[in-house]
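Chemist: Residue numbering for the sequence shown follows this note's numbering, beginning at 10 and increasing consecutively. No residue lacks a Cβ here, since even glycine has one placed at the ideal position from N, Cα and C. One structure coming up, written as C-alpha coordinates, with questions to follow.
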Amino acid sequence: MGKIEVLVVAPGYPTQMAVLAERYQLHRYDLADQADKQQIIKSHGEAIRAVITTGGGGFSESLLDQLPKLEIVACGSVGFDSICVEECIKRGVAVTNTPDVLTNDVADMALMLTLATVRRLVPGMDWVRQGKWQQDGPIQLNTRIEGKRMGIIGLGRIGKAIAKRAESFGMEISYFGRRPQADVSYPYFSNLKEMANNVDILVAAVPGGSETQGMITREVLEALGEQGYFINIARGSVVDEQALVALLEAGGIKGAGLDVFVDEPNVPEALSTLDNVVLQPHCASGTHETRAAMAQLVVDNLAAHFNQKPLLTPVG
(Lines of atoms letter the chains of each structure in order from A and count residues from 1; the text may use other names and numbers.)
(Lines give C-alpha, C1' and ligand atoms only; values in the text may rest on other atoms or scores of the structure.)
Protein backbone atom coordinates (compact mmCIF):
# COMPACT_ATOMS: atom_id res chain seq x y z
CA MET A 1 0.00 0.00 0.00
CA GLY A 2 1.39 3.39 -1.01
CA LYS A 3 1.92 6.36 1.24
CA ILE A 4 -0.96 8.69 2.04
CA GLU A 5 -0.85 11.67 -0.32
CA VAL A 6 -0.62 15.13 1.26
CA LEU A 7 -0.77 18.54 -0.41
CA VAL A 8 1.58 21.14 1.09
CA VAL A 9 0.04 24.58 0.58
CA ALA A 10 2.36 26.17 3.14
CA PRO A 11 5.21 24.31 4.88
CA GLY A 12 6.20 24.05 8.52
CA TYR A 13 9.48 23.93 10.40
CA PRO A 14 12.19 21.94 8.52
CA THR A 15 12.65 19.21 11.16
CA GLN A 16 8.97 18.34 11.16
CA MET A 17 8.72 18.63 7.38
CA ALA A 18 11.42 15.96 7.15
CA VAL A 19 9.32 13.72 9.40
CA LEU A 20 6.27 14.29 7.23
CA ALA A 21 8.27 13.50 4.09
CA GLU A 22 9.17 10.11 5.56
CA ARG A 23 5.59 9.25 6.46
CA TYR A 24 3.62 10.67 3.54
CA GLN A 25 3.88 11.41 -0.14
CA LEU A 26 4.15 15.19 -0.11
CA HIS A 27 3.08 17.26 -3.11
CA ARG A 28 4.83 20.63 -2.81
CA TYR A 29 2.11 22.94 -4.05
CA ASP A 30 3.90 25.74 -2.17
CA LEU A 31 7.00 25.47 -4.37
CA ALA A 32 5.20 25.19 -7.72
CA ASP A 33 4.48 27.93 -10.25
CA GLN A 34 0.91 28.33 -11.48
CA ALA A 35 1.25 25.81 -14.30
CA ASP A 36 2.81 23.21 -12.02
CA LYS A 37 0.13 23.83 -9.38
CA GLN A 38 -2.52 22.96 -11.95
CA GLN A 39 -0.60 19.86 -12.96
CA ILE A 40 -0.28 18.70 -9.34
CA ILE A 41 -4.04 18.96 -8.89
CA LYS A 42 -4.76 17.32 -12.25
CA SER A 43 -2.44 14.39 -11.53
CA HIS A 44 -2.98 13.90 -7.79
CA GLY A 45 -6.06 15.88 -6.71
CA GLU A 46 -8.32 12.85 -6.49
CA ALA A 47 -5.84 10.98 -4.29
CA ILE A 48 -4.96 13.73 -1.80
CA ARG A 49 -6.29 13.02 1.68
CA ALA A 50 -4.65 15.80 3.71
CA VAL A 51 -3.58 19.41 3.32
CA ILE A 52 -0.85 21.18 5.27
CA THR A 53 -1.10 24.96 5.39
CA THR A 54 -0.87 28.02 7.64
CA GLY A 55 -2.93 31.13 8.25
CA GLY A 56 -0.65 32.88 5.77
CA GLY A 57 -0.91 30.13 3.17
CA GLY A 58 -4.66 29.74 3.56
CA PHE A 59 -6.95 27.19 1.93
CA SER A 60 -9.72 28.23 -0.45
CA GLU A 61 -13.06 26.69 -1.29
CA SER A 62 -12.01 26.55 -4.95
CA LEU A 63 -9.06 24.33 -4.02
CA LEU A 64 -11.27 22.26 -1.72
CA ASP A 65 -13.57 21.60 -4.68
CA GLN A 66 -10.69 19.89 -6.49
CA LEU A 67 -9.83 17.48 -3.67
CA PRO A 68 -12.76 15.05 -3.44
CA LYS A 69 -11.04 12.62 -1.04
CA LEU A 70 -9.72 15.25 1.35
CA GLU A 71 -10.13 14.28 5.01
CA ILE A 72 -8.17 16.85 7.01
CA VAL A 73 -6.63 20.32 6.76
CA ALA A 74 -3.80 20.70 9.28
CA CYS A 75 -3.07 24.38 9.81
CA GLY A 76 0.33 25.18 11.29
CA SER A 77 -0.78 28.42 12.96
CA VAL A 78 -3.33 29.50 15.53
CA GLY A 79 -5.10 31.82 13.08
CA PHE A 80 -7.27 30.19 10.43
CA ASP A 81 -9.32 33.08 9.04
CA SER A 82 -7.86 32.46 5.54
CA ILE A 83 -9.11 28.85 5.56
CA CYS A 84 -12.64 27.94 4.44
CA VAL A 85 -13.35 26.27 7.77
CA GLU A 86 -17.14 26.30 7.59
CA GLU A 87 -17.18 24.72 4.15
CA CYS A 88 -14.64 22.09 5.22
CA ILE A 89 -16.69 21.12 8.25
CA LYS A 90 -19.87 21.08 6.15
CA ARG A 91 -18.20 18.54 3.84
CA GLY A 92 -16.86 16.41 6.67
CA VAL A 93 -13.27 17.62 6.37
CA ALA A 94 -11.54 18.06 9.74
CA VAL A 95 -9.53 21.22 10.44
CA THR A 96 -6.85 21.62 13.10
CA ASN A 97 -4.72 24.54 14.23
CA THR A 98 -1.92 25.18 16.74
CA PRO A 99 -3.19 27.07 19.81
CA ASP A 100 -1.32 27.50 23.11
CA VAL A 101 2.21 26.73 21.89
CA LEU A 102 2.69 30.27 20.55
CA THR A 103 0.96 32.14 23.38
CA ASN A 104 4.07 33.21 25.27
CA ASP A 105 6.06 34.31 22.24
CA VAL A 106 3.19 36.41 20.91
CA ALA A 107 2.66 37.97 24.34
CA ASP A 108 6.38 38.73 24.50
CA MET A 109 6.13 40.49 21.14
CA ALA A 110 3.22 42.60 22.39
CA LEU A 111 5.27 43.74 25.38
CA MET A 112 8.37 44.28 23.25
CA LEU A 113 6.39 46.50 20.87
CA THR A 114 4.87 48.34 23.82
CA LEU A 115 8.23 49.04 25.43
CA ALA A 116 9.93 49.91 22.15
CA THR A 117 7.14 52.28 21.12
CA VAL A 118 6.52 54.06 24.40
CA ARG A 119 10.22 54.36 25.32
CA ARG A 120 11.14 55.22 21.69
CA LEU A 121 13.75 52.50 21.30
CA VAL A 122 14.27 52.89 17.54
CA PRO A 123 14.80 56.69 17.57
CA GLY A 124 17.25 56.16 20.44
CA MET A 125 19.22 53.62 18.42
CA ASP A 126 19.28 55.97 15.44
CA TRP A 127 20.42 58.82 17.68
CA VAL A 128 23.52 56.84 18.59
CA ARG A 129 24.21 55.23 15.20
CA GLN A 130 23.84 58.45 13.23
CA GLY A 131 26.19 60.36 15.53
CA LYS A 132 23.48 62.70 16.79
CA TRP A 133 24.39 62.05 20.42
CA GLN A 134 27.86 63.46 19.79
CA GLN A 135 26.62 66.23 17.52
CA ASP A 136 23.39 67.35 19.18
CA GLY A 137 23.65 66.03 22.73
CA PRO A 138 21.00 64.11 24.70
CA ILE A 139 17.89 62.84 22.94
CA GLN A 140 14.47 64.19 23.94
CA LEU A 141 12.79 62.63 26.95
CA ASN A 142 10.09 59.99 26.57
CA THR A 143 7.55 58.62 29.06
CA ARG A 144 7.50 55.83 31.63
CA ILE A 145 5.71 52.51 31.36
CA GLU A 146 4.82 52.09 35.03
CA GLY A 147 1.34 53.36 35.79
CA LYS A 148 0.17 53.29 32.18
CA ARG A 149 -3.35 51.98 31.58
CA MET A 150 -3.46 49.14 29.06
CA GLY A 151 -6.70 48.09 27.39
CA ILE A 152 -6.64 44.65 25.79
CA ILE A 153 -9.06 43.85 22.98
CA GLY A 154 -9.68 40.12 23.35
CA LEU A 155 -8.76 38.53 26.66
CA GLY A 156 -8.16 34.98 25.44
CA ARG A 157 -5.04 32.92 26.03
CA ILE A 158 -2.78 35.50 24.42
CA GLY A 159 -4.61 38.47 25.92
CA LYS A 160 -4.24 37.03 29.42
CA ALA A 161 -0.53 36.37 28.85
CA ILE A 162 -0.09 39.98 27.73
CA ALA A 163 -1.96 41.21 30.80
CA LYS A 164 0.25 39.15 33.11
CA ARG A 165 3.39 40.63 31.58
CA ALA A 166 2.03 44.18 31.58
CA GLU A 167 1.10 43.91 35.25
CA SER A 168 4.70 43.01 36.07
CA PHE A 169 5.66 46.41 34.63
CA GLY A 170 3.17 48.15 36.89
CA MET A 171 0.51 48.77 34.27
CA GLU A 172 -3.23 48.83 34.99
CA ILE A 173 -5.25 46.39 32.87
CA SER A 174 -8.76 46.54 31.46
CA TYR A 175 -10.32 44.55 28.64
CA PHE A 176 -12.97 44.46 25.94
CA GLY A 177 -14.67 41.30 24.72
CA ARG A 178 -18.01 39.75 23.86
CA ARG A 179 -18.86 39.39 27.53
CA PRO A 180 -17.21 39.78 30.96
CA GLN A 181 -15.28 36.78 32.24
CA ALA A 182 -16.33 35.58 35.68
CA ASP A 183 -12.83 34.54 36.74
CA VAL A 184 -11.18 37.81 35.69
CA SER A 185 -10.79 40.76 38.06
CA TYR A 186 -9.74 43.35 35.47
CA PRO A 187 -12.30 46.07 34.64
CA TYR A 188 -14.47 45.08 31.67
CA PHE A 189 -15.73 47.40 28.94
CA SER A 190 -18.62 46.41 26.68
CA ASN A 191 -17.94 49.44 24.46
CA LEU A 192 -14.60 49.54 22.64
CA LYS A 193 -14.60 53.30 22.08
CA GLU A 194 -15.24 53.85 25.77
CA MET A 195 -12.30 51.63 26.72
CA ALA A 196 -10.03 53.42 24.24
CA ASN A 197 -11.01 56.70 25.87
CA ASN A 198 -9.93 55.35 29.27
CA VAL A 199 -6.53 53.80 28.48
CA ASP A 200 -3.07 54.92 27.40
CA ILE A 201 -2.17 51.79 25.43
CA LEU A 202 -4.65 49.85 23.28
CA VAL A 203 -3.60 46.30 22.38
CA ALA A 204 -5.35 44.20 19.72
CA ALA A 205 -5.29 40.48 20.57
CA VAL A 206 -8.38 39.16 18.77
CA PRO A 207 -8.61 36.56 15.99
CA GLY A 208 -8.94 37.71 12.40
CA GLY A 209 -12.00 37.08 10.27
CA SER A 210 -15.25 38.74 9.33
CA GLU A 211 -16.42 39.21 12.93
CA THR A 212 -13.45 41.40 13.85
CA GLN A 213 -12.70 43.06 10.51
CA GLY A 214 -12.40 46.81 10.93
CA MET A 215 -13.55 46.72 14.56
CA ILE A 216 -10.89 49.27 15.55
CA THR A 217 -12.35 52.22 13.68
CA ARG A 218 -11.11 55.75 13.25
CA GLU A 219 -13.46 56.77 16.07
CA VAL A 220 -11.87 54.21 18.41
CA LEU A 221 -8.37 55.46 17.56
CA GLU A 222 -9.46 59.07 18.02
CA ALA A 223 -10.82 58.12 21.44
CA LEU A 224 -7.39 56.71 22.30
CA GLY A 225 -6.15 60.23 21.72
CA GLU A 226 -3.01 62.23 21.16
CA GLN A 227 -1.15 60.63 24.09
CA GLY A 228 -2.28 57.09 23.28
CA TYR A 229 -0.41 54.14 21.77
CA PHE A 230 -1.79 51.33 19.59
CA ILE A 231 -0.22 47.86 19.58
CA ASN A 232 -1.32 45.15 17.11
CA ILE A 233 -0.25 41.51 17.29
CA ALA A 234 -3.65 40.26 16.07
CA ARG A 235 -4.39 40.75 12.37
CA GLY A 236 -4.01 43.79 10.16
CA SER A 237 -7.65 43.46 9.19
CA VAL A 238 -8.93 44.32 12.68
CA VAL A 239 -8.00 48.01 12.33
CA ASP A 240 -8.83 50.75 9.82
CA GLU A 241 -5.24 50.94 8.56
CA GLN A 242 -5.75 54.11 6.50
CA ALA A 243 -7.17 55.92 9.52
CA LEU A 244 -4.31 54.63 11.67
CA VAL A 245 -1.71 55.99 9.24
CA ALA A 246 -3.48 59.34 8.97
CA LEU A 247 -3.71 59.76 12.75
CA LEU A 248 -0.08 58.78 13.26
CA GLU A 249 1.00 61.33 10.66
CA ALA A 250 -1.18 64.07 12.14
CA GLY A 251 -0.35 63.38 15.79
CA GLY A 252 -3.83 62.09 16.49
CA ILE A 253 -2.24 59.24 18.44
CA LYS A 254 1.23 59.18 19.96
CA GLY A 255 2.63 56.01 18.43
CA ALA A 256 2.08 52.44 17.28
CA GLY A 257 3.80 49.07 17.45
CA LEU A 258 2.69 46.80 14.61
CA ASP A 259 3.48 43.17 13.82
CA VAL A 260 0.61 42.73 11.34
CA PHE A 261 -0.77 44.60 8.34
CA VAL A 262 -3.75 44.50 5.98
CA ASP A 263 -1.93 43.50 2.79
CA GLU A 264 1.13 41.59 3.93
CA PRO A 265 3.95 41.74 3.02
CA ASN A 266 3.01 45.15 1.61
CA VAL A 267 3.17 47.86 4.26
CA PRO A 268 1.94 51.44 3.75
CA GLU A 269 4.98 53.51 2.80
CA ALA A 270 4.11 56.19 5.34
CA LEU A 271 4.54 53.74 8.21
CA SER A 272 8.14 53.12 7.18
CA THR A 273 8.99 56.81 7.40
CA LEU A 274 7.40 57.65 10.76
CA ASP A 275 9.66 57.61 13.81
CA ASN A 276 6.73 57.04 16.18
CA VAL A 277 6.04 53.59 14.72
CA VAL A 278 7.79 50.28 15.47
CA LEU A 279 7.35 47.68 12.72
CA GLN A 280 7.82 43.91 12.68
CA PRO A 281 7.27 41.48 9.74
CA HIS A 282 4.46 39.39 11.29
CA CYS A 283 6.91 37.34 13.32
CA ALA A 284 5.45 37.30 16.84
CA SER A 285 5.62 33.49 16.90
CA GLY A 286 8.88 33.48 14.97
CA THR A 287 11.20 31.60 17.31
CA HIS A 288 12.79 28.25 16.55
CA GLU A 289 11.16 26.72 19.62
CA THR A 290 7.62 27.85 18.86
CA ARG A 291 7.70 27.19 15.11
CA ALA A 292 8.96 23.66 15.83
CA ALA A 293 6.19 23.13 18.38
CA MET A 294 3.58 24.42 15.93
CA ALA A 295 4.87 22.11 13.20
CA GLN A 296 4.89 19.19 15.64
CA LEU A 297 1.19 19.71 16.27
CA VAL A 298 0.64 19.36 12.52
CA VAL A 299 2.60 16.09 12.58
CA ASP A 300 0.69 14.83 15.62
CA ASN A 301 -2.75 15.83 14.35
CA LEU A 302 -2.16 14.04 11.05
CA ALA A 303 -0.92 10.96 12.90
CA ALA A 304 -3.95 11.00 15.17
CA HIS A 305 -6.35 11.35 12.26
CA PHE A 306 -4.89 8.57 10.14
CA ASN A 307 -4.70 6.26 13.17
CA GLN A 308 -8.36 6.89 14.01
CA LYS A 309 -7.54 8.69 17.26
CA PRO A 310 -8.98 11.97 18.60
CA LEU A 311 -7.45 15.11 17.10
CA LEU A 312 -5.28 17.10 19.49
CA THR A 313 -6.42 20.59 18.46
CA PRO A 314 -9.55 20.47 16.29
CA VAL A 315 -11.23 23.62 15.01
CA GLY A 316 -15.00 23.78 15.26
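With distances taken from CA atoms, which of Ser-177, Asn-200 and Asp-145 is nearest Arg-188?
Modeler: Along the sequence shown, one-based indexing puts residue 188 at 179. With distances taken between Cα atoms, Arg-188 lies closest to Asn-200.
Chemist: Consider the C-beta atom of Gly-11 and the heavy atoms of the ligand HEM; say whether any pair is separated by less than 7 angstroms.
Modeler: No copy of the ligand HEM occurs in the structure displayed, which carries no ligand at all.
Chemist: Secondary structure at Cys-97, three-state DSSP: helix, strand or coil?
Modeler: For the purposes of this step, residue 97 is identified with residue 88 of the sequence shown, where counting begins at 1. Helix at Cys-97.
Chemist: Please classify Gln-190: does DSSP put it in a helix, a strand, or coil?
Modeler: Within the sequence shown, residue 190 is the residue found at index 181, counting from 1. Residue state, collapsed to three classes: coil.
Chemist: If you count every other CB in all the chains shown that lies within 10 Å of the CB of Pro-20, and 16 or more means buried, which is it?
Modeler: As a first step, residue 20 must be located in the sequence shown, where it is residue number 11. When all chains shown are included, Pro-20 counts as buried.
Chemist: Tell me whether Leu-321 sits in a helix, a strand or coil according to DSSP, three-state version.
Modeler: On the sequence shown, position 312 is the one that residue 321 refers to. Three-state result, Leu-321: coil.
Chemist: Could you tell me which of Ala-213, Pro-290 and Lys-51 sits nearest to Asp-268, measuring between CA atoms?
Modeler: As a position in the sequence shown, residue 268 is number 259, starting the count at 1. Comparing Cα positions, the closest option is Pro-290.
Chemist: Going by DSSP in three states, Met-159 sits in which element: helix, strand or coil?
Modeler: Taking the sequence shown and counting its residues from 1, one reaches residue 159 at position 150. In the structure shown, Met-159 sits in a strand (DSSP, three-state: E or B).
Chemist: Residues in the same chain with beta-carbon distance under 8 angstroms from Ala-170, minus the five sequence neighbours each way, listed in chain order, please.
Modeler: Taking the first residue of the sequence shown as position 1, residue 170 is located at position 161. For Ala-170, where only same-chain residues beyond five positions count, the Cβ hits under 8 angstroms are Thr-112, Asn-113, Val-115 and Ala-116.
Chemist: Output the boundary residues of the beta strand (DSSP E) element that contains Ser-183.
Modeler: As a working mapping, residue 183 is identified with position 174 in the sequence shown. Unbroken beta strand (DSSP E) run through Ser-183: 181-185.
Chemist: According to DSSP, is Tyr-197 helix, strand or coil?
Modeler: The sequence position of residue 197 within the sequence shown is 188, counting from 1. Of the three classes helix, strand and coil, the one that applies to Tyr-197 here is strand, per DSSP.
Chemist: According to DSSP, is Gln-289 part of a helix, a strand, or is it coil?
Modeler: The residue you call residue 289 lines up with position 280 of the sequence shown. In the structure shown, Gln-289 sits in coil (DSSP, three-state: anything other than H, G, I, E or B).
Chemist: Unbroken alpha helix (DSSP H) runs of length 4 or more, entirely within the region 49-104: which are they?
Modeler: Those alpha helix (DSSP H) runs which fall completely within the region 49-104 and span 4+ residues are 70-73 and 94-99.
Chemist: Considering only the beta carbon of each residue, do Thr-62 and Val-82 sit closer than 8 angstroms?
Modeler: One-based indexing of the sequence shown puts residue 62 at position 53. One-based indexing of the sequence shown puts residue 82 at position 73. Against a cut-off of 8 angstroms, the Cβ pair of Val-82 and Thr-62 comes out as a contact.
Chemist: Please identify the residue among Met-26, His-36 and Tyr-22 whose C-alpha is closest to the C-alpha of Ile-13.
Modeler: To locate residue 13, count along the sequence shown from 1; it is residue 4. Checking every option, the nearest Cα to that of Ile-13 belongs to His-36.
Chemist: At which residues does the beta strand (DSSP E) containing Ile-240 begin and terminate?
Modeler: Within the sequence shown, the letter at position 231 stands for residue 240. Looking at the DSSP string, the run of the beta strand (DSSP E) that includes Ile-240 is 238-241.
Chemist: Do Lys-263 and Gly-237 have their beta-carbon atoms positioned less than 8 angstroms apart in this structure?
Modeler: Residue mapping note: residue 237 aligns to position 228 of the sequence shown, counting from 1. Residue mapping note: residue 263 aligns to position 254 of the sequence shown, counting from 1. A contact, by the Cβ cut-off of 8 angstroms.
Chemist: Considering Glu-258, what are the terminal residues of the alpha helix (DSSP H) in which it resides?
Modeler: Locating residue 258 in the sequence shown gives position 249, counting from the first residue. It spans 250-259 - the alpha helix (DSSP H) in which Glu-258 sits, taken as one unbroken run.
Chemist: Cβ atoms of Lys-157 and Met-180: under 8 angstroms apart, would you say?
Modeler: Walking along the sequence shown from the start, residue 180 turns up at place 171. Walking along the sequence shown from the start, residue 157 turns up at place 148. It is a contact, given that the beta carbons lie within the stated cut-off.
Chemist: How many Å lie between Met-224 and Gly-217 at the Cα?
Modeler: One-based indexing of the sequence shown puts residue 224 at position 215. One-based indexing of the sequence shown puts residue 217 at position 208. One C-alpha to the other measures close to 10 angstroms.
Chemist: Quick check: the region 72-82 against the region 51-58, are at least 3 beta-carbon pairs closer than 8 angstroms?
Modeler: Verdict: yes, contact present.
Chemist: With Leu-280 as the anchor, note down where its alpha helix (DSSP H) starts and where it stops.
Modeler: Position 271 of the sequence shown, counted from the start, is the residue given in the question as residue 280. Run containing Leu-280: 278-282, per the alpha helix (DSSP H) assignment.
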